[in-house]
Each structure stands twice: as structure tokens, then as C-alpha cells.
Amino acid sequence: MIGTFYRAAGPDKPAFVQVGDEIKPGKVVCIIEAMKLFNEIESEVAGRIVKVLVDDASPVEYDQPLFLVEPA
């Protein structure tokens with residue numbers, strides 16, 4: 089495990105992205121917490137979020153897909 093996946097900046101905050109949202113490179117899509125450091129993860133592609141592949145507050149590994157994106 090490299091960290092914990094979070095869809096929002098806090099429990100009372102909205103998710104960074106939802107299914108159906110359009111994204112562009114540089115858009116923050118989630119946060120990964122590793123060793124008490126919260127790292128914003130930015131999209132590397134443009135497209136539309138089709139599916140979130142990881143549950144909120146779940147452990148994640150290196151190279152694990154987090155979202156299914158339909159390219160623009």
C-alpha cells in the first residue's frame with residue numbers, strides 16, 4: 089500500500105470529480121494520503137469520467153487505476 093485514496097478534500101467537502109464530469113490535464117481529481125502527506129493528484133488526460141474505480145478512503149497501490157476516463 090502506498091497511501092489512501094480520497095475523493096474530496098474533507099468529509100464535509102464535495103468530491104473533486106463525479107461520474108460524467110469533463111476533465112482536462114491539470115485538473116485535481118483526488119487526494120492520496122501517504123505518510124501523513126496529502127498529495128493532490130492531477131489528471132494527465134482530457135476526457136469524461138465514466139467510473140470511479142476505487143472506494144473513498146481505500147488503500148491504493150502504485151500504478152493502480154483510479155478512474156475510467158473516456159478520452160475527449
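Under the working numbering, the first residue of the sequence shown is numbered 89, with each subsequent residue one higher.
All C-beta atoms, glycine included, are put in the ideal place defined by N, C-alpha and C.
For clarity, every value in this text was computed on a predicted model and none was experimentally measured.
Name the residue from Pro99, Gly108, Ala96 and Ala97 whose alpha carbon lies nearest to the alpha carbon of Gly135. Comparing alpha carbon positions, the residue from Pro99, Gly108, Ala96 and Ala97 closest to Gly135 is Gly108.
Own chain residues within Cβ distance below 7 Å of Glu149, not counting five before or after: Within its own chain, the residues whose Cβ lies closer than 7 Å to the Cβ of Glu149, once the five positions on either side in sequence are excluded, are Met89 and Ile90, listed in chain order.
Leu156 vs Val138 beta-carbon contact at 9 Å: yes
With distances taken between CB atoms, is the gap from Ile104 to Asp143 smaller than 9 Å? Here residue 104 is Phe; the residue named in the question, Ile, does not match the sequence. For the pair Phe104 and Asp143, the CB atoms are not nearer than the 9 Å cut-off.
Which term fits Val117, buried or exposed, when burial requires 16 or more other beta carbons within 10 angstroms of its beta carbon? buried
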